[in-house]
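Below you'll find the structure, written out as structure tokens, and then a few comments.
Numbering (the numbering used here), first residue to last: 1 to 76.
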């Protein structure tokens, strides 16, 4: 894996650190995720771009009270 040196001004660095902390990530992991999202490689096993943004993909399973398939079929 390659490494790069990135120079950021203080304001940008502050925002990167804030956003990373909000997502419970290190700044390196947050930047890695951001770059992968931008180039279409985030969460893609074969590095193929998805039609859904990562924000939408992260919502999968977020509805705790969503009815089961069996419950849905009972209402037909």
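C-beta atoms are modelled at their ideal positions from N, C-alpha and C, and glycine is treated no differently.
Residue j beta carbon less than 8 Å from that of residue i
| i | j | result |
| --- | --- | --- |
| residue 25 | residue 36 | no |
Selected residue, minimal CA-CA separation from residue i, among the options
| i | options | result |
| --- | --- | --- |
| residue 23 | 55, 40, 67 | 55 |
Q. Between the segment 1-8 and the segment 18-29, are three or more C-beta pairs nearer than 8 Å?
A. Output reads no: the segment 18-29 does not touch the segment 1-8.
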